[in-house]
C-alpha cells in the first residue's frame, strides 16, 4: 500500500478518549489504517485512522516550572498533615 509512513515515539489518543498511550512505533498505510506496537509488547494492533490521533510528547517535566509545581504540591501535603481530608486531596494533587 502506498503511501506508507512510520511513526515513532509518539502518544496515541483514541477518538473520544482522554488517555494518551505511548507507542513504540506505528506503520500508517495509505492514511487509513495504522499498525501500532506499544512499548514492551511484541504484538501489533490495527487501528482505523479515523479513530485515533498521534500526538507529540512534551518535555514539560524537564522545565523549571514543573519542578516549582511539584515543590508546591509536596509542601501542601506537609501542611495538611493534621486534616486527613485535606491531606488526601493534597496527596492526589502531588501524584
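Numbering (our numbering), first residue to last: 491 to 585.
Even glycine gets a Cβ: it sits at the ideal position worked out from N, Cα and C.
CB of residue i within 7 Å of CB of residue j, strictly
i           : j           : result
residue 537 : residue 500 : no
residue 510 : residue 517 : no
residue 550 : residue 504 : no
residue 519 : residue 494 : yes
residue 532 : residue 512 : no
Residue i versus residue j: straight-line alpha-carbon distance, rounded
i           : j           : result
residue 561 : residue 547 : 23 Å
residue 559 : residue 580 : 12 Å
residue 564 : residue 582 : 11 Å
residue 508 : residue 571 : 32 Å
residue 554 : residue 492 : 44 Å
residue 557 : residue 566 : 14 Å
Nearest candidate by alpha-carbon position, reference residue i, set the options
i           : options          : result
residue 527 : 540, 502 and 506 : 502
Anticipated Cβ contact below 8 Å, residue i with residue j, distance rounded
i           : j           : result
residue 515 : residue 496 : 6 Å
Exercise for the section: Quick one: which unbroken alpha helix (DSSP H) runs of 4-plus residues sit fully inside the stretch 531-577? Chain order, please. Expected result: The stretch 531-577 contains these whole alpha helix (DSSP H) runs: 554-569.
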